[in-house]
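The structure appears right after this line, and notes come after that.
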């Protein structure tokens, strides 16, 4: 990696102004064992609720570092303002982190300012391109753990977020990609793969979360197979600047049906 650009408290990569606006939406991650929402994932949206792509398509290489920092700050500020009591999960771009200890400063500063406990922050990472500097990514994960943060490997089972990363990295959570979850209540091949992933997570002491749950049948099959933490449209779509509706009654009903 290139050298850190922060000098005397200023960063030439992160302190530029973004030429566009954005906001955050929040989607719950639920635990059917306890019938409660444990975490909200922060997802970027356009200022009027436009798609994530409408924002991400404007992020050039030169804006990547500033955008990554701005998303973290916005997510924490908004979660605090909404009175969120659950954990907050934030996606980060590994290639936008030069020095973990320096690049985390804005996160620590906003957390202190709004009174957000850092032990309630989860950082999700994924790789849409093959990791070229795995040692650097390991430094980020190890540094975040030493600071008391939780980390999650996103999109497991799709693209580059596969077994090779788990040979080096030690995330706390593993999020199963929708590609494996889709139709799992009827697809025996997906069922076999999901059972294998569940065994892997148990052996490696990883918390397992199924993403992209869209039907009651998927939710129940996963839960009955031991994958009790779930996220997806079946529970709630991402709500812009809101925590959405109370899921308690629905989760309790599902808990009784497992």
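Residue numbers (the working numbering): 5 to 262.
Beta carbons: idealized from backbone N, C-alpha and C, even for Gly.
Using only the alpha-carbon positions, how far apart do residue i and residue j sit?
| i | j | result |
| --- | --- | --- |
| residue 172 | residue 208 | 12 Å |
| residue 146 | residue 139 | 10 Å |
| residue 55 | residue 260 | 35 Å |
| residue 219 | residue 20 | 43 Å |
| residue 196 | residue 184 | 10 Å |
| residue 114 | residue 80 | 7 Å |
| residue 35 | residue 42 | 7 Å |
| residue 236 | residue 143 | 31 Å |
| residue 252 | residue 39 | 7 Å |
| residue 241 | residue 93 | 16 Å |
| residue 118 | residue 231 | 34 Å |
| residue 148 | residue 105 | 9 Å |
| residue 187 | residue 258 | 18 Å |
| residue 249 | residue 83 | 15 Å |
| residue 108 | residue 124 | 15 Å |
| residue 141 | residue 73 | 17 Å |
| residue 129 | residue 137 | 14 Å |
| residue 152 | residue 194 | 35 Å |
Using only alpha-carbon positions, find the residue among the options that is nearest to residue i.
| i | options | result |
| --- | --- | --- |
| residue 71 | 96, 83, 82 | 96 |
| residue 77 | 189, 130, 226, 46 | 46 |
| residue 100 | 93, 155, 225, 69 | 69 |
| residue 255 | 246, 193, 233 | 233 |
| residue 29 | 235, 227, 246 | 246 |
| residue 63 | 25, 112, 129 | 25 |
| residue 32 | 153, 262, 243 | 243 |
| residue 215 | 179, 227, 238, 73 | 179 |
| residue 122 | 111, 129, 167 | 111 |
| residue 87 | 74, 126, 120, 67 | 120 |
| residue 201 | 152, 40, 167 | 167 |
| residue 75 | 89, 57, 48 | 48 |
| residue 57 | 213, 27, 193 | 27 |
| residue 61 | 85, 23, 98, 194 | 23 |
Considering only DSSP beta bridges, list what residue i is partnered with.
| i | result |
| --- | --- |
| residue 179 | 213 |
| residue 128 | 95, 156 |
Using a threshold of 8 Å, state whether the C-beta atoms of residue i and residue j are closer than that.
| i | j | result |
| --- | --- | --- |
| residue 175 | residue 204 | no |
| residue 211 | residue 189 | no |
| residue 198 | residue 150 | no |
| residue 162 | residue 181 | yes |
| residue 154 | residue 177 | yes |
| residue 4 | residue 44 | Not covered by the structure: residue 4. The range shown for the chain is 5 to 262. |
| residue 59 | residue 50 | yes |
| residue 238 | residue 227 | no |
* Secondary structure, beta strand (DSSP E): runs of 3+ residues fully inside the stretch 187 to 259 -> Listed in chain order, they are 211 to 214.
* Quick one: complete alpha helix (DSSP H) runs, 4+ long, within the stretch 21 to 94? -> Runs found: 56 to 60, 68 to 85.
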